[in-house]
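To start, the structure itself, in structure tokens.
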Amino acid sequence: MLRLIYAFARRDVMARSTSPFSWVIQVISMLFFASMFFFIGKTFDQSVAPSLRGFHGHYFAYALVGLVFARFQTVALQSFATAIRADQTAGTLEAMLVTRASVPAVVFSASAWSFAYAGVQVVLYLLLGALLFGVDLRHADVASALLSLVLAVAATSPIGILVAASVVAFRQGNSLLSVIAGATSLLSGVFYPVAVLPHALQVCAAFLPATHALGALRQAVLLGAGVPEIWPHLSILLVFAAIGMPLALAVFALAVSHAKRVGSLSYV
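Every number in the working numbering is 19 more than the matching position in the sequence shown, counting from 1.
Structure follows, in structure tokens:
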């Protein structure tokens with residue numbers, strides 16, 4: 020498993036290293052994106068929305084945590100399908116799946132570097148927020164925040180694995196990803212509180228893992244909440260992960276079996 024993760028990570032690092040300025044461009048892009056939300060927050064500094072009072076009324080800090088989560092959510096939703104599609108097109112997917120490596124090992128190894136890279140970007144976002152925009156992170160409960168992120172990834176990744184299964188079986192999945200990402204951004208409170216949504220949409224939001232991931236993460240990072248305080252959110256994420264992950268991996272294995280039968284593991 021570790022050897023497989025290393026092989027995938029080495030390949031992805033070499034692919035990203037082809038552009039010597041890619042890291043500089045990434046940091047500049049992140050700075051621009053964070054600045055946009057900072058100035059949006061400045062626009063409303065004089066009138067604190069009731070839904071933000073629980074977070075000391077600071078919109079930018081609220082949005083910064085949303086940016087952090089959105090980065091990991093994007094990887095959880097897209098990285099599996101993107102990696103599988105790239106290997107399918109290159110003709111290497113079939114070779115990997117006929118080895119002794121298990122299907123879960125291939126799935127998780129293919130996305131390992133994407134999650135590591137997202138982690139670096141998250142640290143940069145938090146540093147930019149604290150050093151340039153004055154976000155107070157001194158009271159953040161780091162352990163609770165990390166646990167929230169791990170469970171958020173575990174609860175959200177099954178959706179990405181199901182999309183990857185669609186890519187393997189039917190060579191499609193991008194349209195489904197767009198719908199899922201759009202619905203999550205709209206309903207789960209990434210950049211605005213769920214409380215401002217109509218009641219019917221708030222009910223829908225309660226059934227999304229992202230809603231509970233953001234609730235736990237914001238309390239841990241902005242309010243210093245420990246595990247007992249955010250346990251209601253964490254327990255729901257655990258349920259999503261415990262049910263979703265085995266189901267998604269089983270569906271992916273079925274998709275691989277189907278693709279082997281029809282000869283569509285490789286695609287040009």
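From the three backbone atoms N, C-alpha and C, an ideal C-beta is built for every residue, glycine too.
**Q.** CB-CB length for residue 197 against residue 227, believed under 8 Å
**A.** As a first step, residue 197 is located in the sequence shown; it is residue number 178 there, counting from the start. As a first step, residue 227 is located in the sequence shown; it is residue number 208 there, counting from the start. Contact annotation, residue 197 with residue 227: C-beta distance approximately 16 Å; criterion of less than 8 Å not satisfied.
Q.
Given this structure, state the Cα-to-Cα distance separating residue 61 from residue 147, to the nearest angstrom.
A. Start at 1 with the first residue of the sequence shown, and residue 61 comes out as number 42. Start at 1 with the first residue of the sequence shown, and residue 147 comes out as number 128. So the alpha carbons of these two residues sit roughly 16 Å apart.
Q. What is the DSSP secondary structure of residue 280, counted as helix, strand or coil?
A. The residue you call residue 280 lines up with position 261 of the sequence shown. Per DSSP, reduced to three states, the secondary structure at residue 280 is helical.
Q) Which ranges does the alpha helix (DSSP H) cover as unbroken runs of at least 4 residues, wholly within the segment 177 to 252, from first to last along the chain? A) You should have 193 to 206, 218 to 224, 228 to 241.
Q. Using DSSP with H/G/I as helix, E/B as strand and the rest coil, what is residue 106?
A. Locating residue 106 in the sequence shown gives position 87, where the first residue counts as 1. Three-state DSSP puts residue 106 in a helix.
**Q.** Status (buried if at least 16 other CB within 10 Å, exposed otherwise) for residue 175
**A.** Position 156 of the sequence shown, counting from 1, holds the residue named residue 175. Residue 175 is classed as buried because its beta carbon has at least 16 other beta carbons within 10 Å across all chains shown.
Q.
Please state the DSSP three-state secondary structure of residue 159.
A. Looking up residue 159 in the sequence shown gives position 140. Correct three-state label for residue 159: coil.
Q. Rounded to a whole number of angstroms, what is the C-alpha to C-alpha distance between residue 243 and residue 160?
A. The count along the sequence shown starts at 1 and reaches residue 243 at position 224. The count along the sequence shown starts at 1 and reaches residue 160 at position 141. For residue 243 and residue 160, the gap between their C-alpha atoms comes out near 5 Å.
(Q) Mapping the DSSP letters down to three states, classify residue 275 as helix, strand or coil. (A) To locate residue 275, count along the sequence shown from 1; it is residue 256. Annotated three-state conformation of residue 275 is helix, per DSSP.
Q) With distances taken between CB atoms, is the gap from residue 233 to residue 88 smaller than 8 Å? A) Numbered from its first residue, the sequence shown carries residue 233 at position 214. Numbered from its first residue, the sequence shown carries residue 88 at position 69. With contacts defined as CB atoms closer than 8 Å, residue 233 and residue 88 qualify as a contacting pair.
**Q.** C-alpha gap between residue 265 and residue 172, whole angstroms
**A.** Counting from 1 along the sequence shown, the entry for residue 265 is found at position 246. Counting from 1 along the sequence shown, the entry for residue 172 is found at position 153. About 14 Å.
**Q.** Cutoff 8 Å; reference residue 48; Cβ partners in own chain excluding five residues on either side
**A.** To locate residue 48, count along the sequence shown from 1; it is residue 29. The beta carbon of residue 48 is closer than 8 Å to none in its chain, skipping five residues each way along the sequence.
Q: Report the option in 141, 77, 268, 179 whose CA atom is closest to the CA atom of residue 50.
A: Reading the sequence shown from its first residue, position 31 is the one you call residue 50. The shortest Cα separation from residue 50 among 141, 77, 268, 179 belongs to 141.
Q. If you draw a straight line from the alpha carbon of residue 287 to that of residue 90, how long is it in whole angstroms?
A. Taking the sequence shown and counting its residues from 1, one reaches residue 287 at position 268. Taking the sequence shown and counting its residues from 1, one reaches residue 90 at position 71. A caution first: residue 287 carries a pLDDT of 46, below 50, which makes its placement in the model unreliable, though a value can still be read off. In a straight line, the C-alpha of residue 287 is about 30 Å away from that of residue 90.
Q) Of all the options 203, 85, 274, which has the alpha carbon lying nearest to the alpha carbon of residue 240? A) Within the sequence shown, numbered from 1, the residue matching residue 240 stands at position 221. Out of 203, 85, 274, 85 has the C-alpha closest to the C-alpha of residue 240.
Q: Evaluate residue 6 with the Cβ neighbour count: other Cβ atoms within 10 Å of its Cβ, from every protein chain shown; 16 or more gives buried, anything less gives exposed.
A: Any answer about residue 6 is impossible in this case: the structure gives the chain only from 20 up to 287.
Q) Since residue 236 and residue 167 are thought to touch, with beta carbons under 8 Å apart, how far apart are those beta carbons, to the nearest angstrom? A) To locate residue 236, count along the sequence shown from 1; it is residue 217. To locate residue 167, count along the sequence shown from 1; it is residue 148. Separation of the CB atoms of residue 236 and residue 167 is rounded to 4 Å, and the pair is thereby assigned contact status at 8 Å.
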